[in-house]
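Residue numbers (this note's numbering): 98 to 500.
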């Protein structure tokens with residue numbers, strides 16, 4: 098039996114992950130792995146492009162063919178699925194993994210689908226021993242672990258957690274992946290068909306069934322952030338990341354208090370220039386949301402904006418990307434603390450492929466079921482801060498604590 102199979106390896110991000118695993122493998126890491134997708138010919142081409150040996154296992158499986166998925170899930174201890182949008186193509190492989198007791202990981206940034214999967218499949222995952230980890234890429238590992246990192250430091254330094262905490266995007270150079278954009282469009286369309294999806298997207302505790310915390314900030318306008326000394330506007334991925342942070346907190350037993358408040362914003366600088374940029378970003382976000390609600394606009398985005406299947410930025414563009422996140426908050430006693438997470442590489446492609454690869458190897462190779470049993474987890478809860486040194490050594494992330 099293999100340790101890991103990358104499902105969707107003929108897609109752009111799937112191939113990046115396969116290339117990453119091949120580099121890891123040739124560097125002496127003990128990982129038995131393979132790739133899977135719909136076309137044997139395309140899988141063979143991927144195997145050749147990434148420099149893998151001719152005996153690297155390739156499996157033909159289709160997201161909508163249950164028989165092929167059940168056969169695939171029995172071949173490995175874990176499946177890393179890159180075949181999104183998950184609300185369209187994800188449930189079959191998830192179900193197959195759960196029924197086989199196989200670990201499952203993905204790059205999902207679709208909270209409404211994740212919420213349905215938690216309600217529909219968590220009991221079965223617990224029973225079979227399958228460990229399910231959603232959101233193992235840029236959304237939401239750097240944010241999820243950034244919160245855990247600064248909260249652990251606050252508990253150590255002050256003896257109290259940060260009751261109010263902000264995740265602030267200081268810098269982001271690069272792009273969101275085409276898969277992320279396609280998932281967003283699919284979610285917008287689902288909101289039009291199903292009113293419940295809109296309610297889920299608006300609920301910060303949508304991924305913590307049975308628990309509803311205090312009201313969370315949801316300011317659509319630009320504003321000045323006193324602790325950061327800069328102007329901010331809404332961050333496009335906050336609706337995904339904040340839900341994962343609250344699920345991690347719930348899975349850990351609410352160590353930061355049931356009144357914990359968390360929000361994410363993007364910083365645009367200080368002074369008048371920062372204010373103008375933040376106001377412009379907030380206005381642009383409102384216009385983009387209005388455009389996404391318009392079906393012809395979504396059709397144009399699909400045709401002219403989204404990368405074609407198998408396409409994406411070249412290696413130079415991917416490697417030139419970077420991001421900086423700042424986590425800053427205060428305790429009930431008024432003490433403040435901040436931490437920074439820096440990532441090397443394009444967030445949607447290079448960083449995501451590195452982070453997801455490390456999450457997968459950490460789960461299937463290094464995380465015993467006695468510590469993390471079957472169930473639907475987050476990376477922050479299932480792998481915890483043990484993942485931080487691994488990401489710093491191998492995935493280009495850097496976690497630092499402020500004074």
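Glycine residues also receive a C-beta, built at the ideal position from the N, C-alpha and C atoms.
From a predicted model like this one, the values you see are computed outputs, not experimental measurements.
How far does the alpha helix (DSSP H) with residue 419 in it reach, from first residue to last? Counting from one through the chain shown, the residue named residue 419 turns up at place 322. Where residue 419 is concerned, there is no enclosing alpha helix (DSSP H), although the beta strand (DSSP E) it sits in stretches over 419 to 427.
Would you please state the rounded distance, in angstroms, between the beta carbons of residue 203 and residue 165? I believe it to be under 8 angstroms. As a first step, residue 203 must be located in the chain shown, where it is residue number 106. As a first step, residue 165 must be located in the chain shown, where it is residue number 68. Taking C-beta atoms under 8 angstroms as the contact rule, residue 203 and residue 165 fail to qualify, at a distance of about 18 angstroms.
Top-ranked residue by Cα proximity to residue 245, from 101, 500, 484 and 492: As a working note, residue 245 is residue 148 in the chain shown. Of the listed residues, the one whose Cα sits closest to residue 245 is 484.
Using 10 angstroms around the beta-carbon of residue 161, count the other beta-carbons present and answer buried if the total reaches 16, otherwise exposed. As a working note, residue 161 is residue 64 in the chain shown. Counting Cβ neighbours within 10 Å, residue 161 comes out exposed, since fewer than 16 surround it.
Where the alpha helix (DSSP H) through residue 210 begins and ends: For the purposes of this step, residue 210 is taken as the residue at position 113 of the chain shown. Counting along the chain, the alpha helix (DSSP H) containing residue 210 begins and ends at 208 to 225.
Identify whether residue 230 lies in helix, strand or coil by the three-state DSSP scheme. Numbered from its first residue, the chain shown carries residue 230 at position 133. Strand.
Please state the DSSP three-state secondary structure of residue 259. Numbered from its first residue, the chain shown carries residue 259 at position 162. Three-state result, residue 259: coil.
When we look at the beta-carbon of residue 209 and count the other beta-carbons within 10 Å, is it buried (16 or more) or exposed? The sequence position of residue 209 within the chain shown is 112, counting from 1. Result: buried.
Quick check: residue 67 and residue 104, are their CB atoms within less than 9 angstroms of each other? Nothing about residue 67 can be reported from this structure: the residues present for the chain run from 98 to 500 only.
Please report how far the alpha carbon of residue 287 lies from the alpha carbon of residue 362, in whole angstroms. For this step, residue 287 is matched to residue 190 along the chain shown. For this step, residue 362 is matched to residue 265 along the chain shown. Each residue's alpha carbon lies about 25 angstroms from the other.
Contact belief for residue 312 with residue 340 at Cβ below 8 angstroms, rounded distance in angstroms: The count along the chain shown starts at 1 and reaches residue 312 at position 215. The count along the chain shown starts at 1 and reaches residue 340 at position 243. Actually they are not in contact, since the Cβ atoms of residue 312 and residue 340 sit about 15 angstroms apart, beyond 8 angstroms.
Beta-carbon spacing of residue 473, residue 215 below 9 angstroms: The residue given as residue 473 occupies position 376 in the chain shown. The residue given as residue 215 occupies position 118 in the chain shown. In this structure, residue 473 sits near residue 215, with a CB-CB distance shorter than 9 angstroms.
Taking just the CA atoms, how far does residue 295 sit from residue 383? Residue 383 sits at position 286 when you count from the first residue of the chain shown. Residue 295 sits at position 198 when you count from the first residue of the chain shown. Each residue's Cα considered, the two are about 16 angstroms apart.
Could you give the first and the last residue of the continuous beta strand (DSSP E) run that contains residue 363? Your numbering for residue 363 matches position 266 in the chain shown. 358 to 366 is the extent of the beta strand (DSSP E) around residue 363.
Of all the options 195, 372, 206 and 235, which has the alpha carbon lying nearest to the alpha carbon of residue 221? In the chain shown, the residue the question calls residue 221 occupies position 124. When only C-alpha atoms are compared, the closest one is 195.
Can you give the Cα-Cα distance for residue 206 and residue 468, rounded to whole angstroms? As a working note, residue 206 is residue 109 in the chain shown. As a working note, residue 468 is residue 371 in the chain shown. Taking the straight line joining both Cα atoms gives about 26 angstroms.
Please specify which runs of the beta strand (DSSP E), each continuous and at least 3 residues long, are wholly inside the segment 112 to 143, giving them in chain order. 130 to 134
Beta strand (DSSP E) containing residue 173: first to last residue? As a position in the chain shown, residue 173 is number 76, starting the count at 1. For residue 173, the enclosing beta strand (DSSP E) has its first and last residue at 173 to 178.
Which same chain residues, not among the five before or five after residue 250, have their C-beta less than 7 angstroms away from its C-beta? In the chain shown, the residue the question calls residue 250 occupies position 153. Its chain contains 434, 436 and 498 as the residues whose beta carbon lies nearer than 7 angstroms to that of residue 250, once the 5 sequence neighbours on both sides are disregarded; these appear in chain order.
Exposed or buried, what is residue 507 when buried is set at 16 or more other beta-carbons lying within 10 Å of its beta-carbon? With the chain represented from 98 up to 500, any question about residue 507 goes unanswered, as that position is not in the structure.
Any contact between the segment 475 to 495 and the segment 452 to 464? By contact I mean 3 or more CB pairs, one from each, below 8 angstroms. yes
From what residue to what residue does the beta strand (DSSP E) around residue 103 run? Counting from 1 along the chain shown, the entry for residue 103 is found at position 6. Counting along the chain, the beta strand (DSSP E) containing residue 103 begins and ends at 99 to 104.
Provide the residue span of the alpha helix (DSSP H) that contains residue 450, from first to last. Within the chain shown, residue 450 is the residue found at index 353, counting from 1. Note, residue 450: alpha helix (DSSP H), 449 to 458.
So which of 182, 335 and 261 has the shortest CA-CA distance to residue 429? Here residue 429 corresponds to residue number 332 of the chain shown, with the count starting at 1. Nearest of 182, 335 and 261 to residue 429, Cα basis: 261.
Residue 439 (DSSP reduced to helix, strand or coil): Position 342 of the chain shown holds residue 439. Strand.
What does DSSP give as the partner residue(s) for residue 155 in the beta ladder? Position 58 of the chain shown, counted from the first residue, corresponds to residue 155. Per DSSP, 132.
If you count every other CB in all the chains shown that lies within 10 Å of the CB of residue 465, and 16 or more means buried, which is it? In the chain shown, the residue the question calls residue 465 occupies position 368. That one is exposed.
Please state if the CB of residue 108 and the CB of residue 173 are separated by a distance shorter than 9 angstroms. Looking up residue 173 in the chain shown gives position 76. Looking up residue 108 in the chain shown gives position 11. Against a cut-off of 9 angstroms, the Cβ pair of residue 108 and residue 173 comes out as no contact.
Relative to the C-alpha of residue 500, which residue among 115, 137, 254 and 234 is closest? Looking up residue 500 in the chain shown gives position 403. Closest option to residue 500, judged by alpha-carbon separation, among 115, 137, 254 and 234: 254.
Could you say which of 155, 150 and 148 lies nearest to residue 137 if we only look at CA atoms? As a working note, residue 137 is residue 40 in the chain shown. Ranking the options by Cα distance to residue 137, first place goes to 155.
Report all residues from its chain with a CB closer than 8 angstroms to the CB of residue 252; omit the five preceding and five following residues, and keep chain order. Here the question's residue 252 lines up with position 155 in the chain shown. Only 258 and 352 meet the Cβ criterion.
What first and last residue would you give for the alpha helix (DSSP H) that runs through residue 445? Against the chain shown, residue 445 aligns to sequence position 348. That residue, residue 445, is in no alpha helix (DSSP H); it is neither H nor E in DSSP.
Helix, strand or coil: how does DSSP classify residue 246 here? In the chain shown, the residue the question calls residue 246 occupies position 149. Helix, per DSSP.
Which residue marks the beginning of the alpha helix (DSSP H) containing residue 346, and which one marks its end? Numbered from 1 along the chain shown, position 249 holds the residue referred to as residue 346. That run of the alpha helix (DSSP H) goes 335 to 348.
Residue of 408, 438, 445 and 427 minimising C-alpha distance to residue 418: Walking along the chain shown from the start, residue 418 turns up at place 321. Residue 418 has its Cα closest to that of 445, out of 408, 438, 445 and 427.
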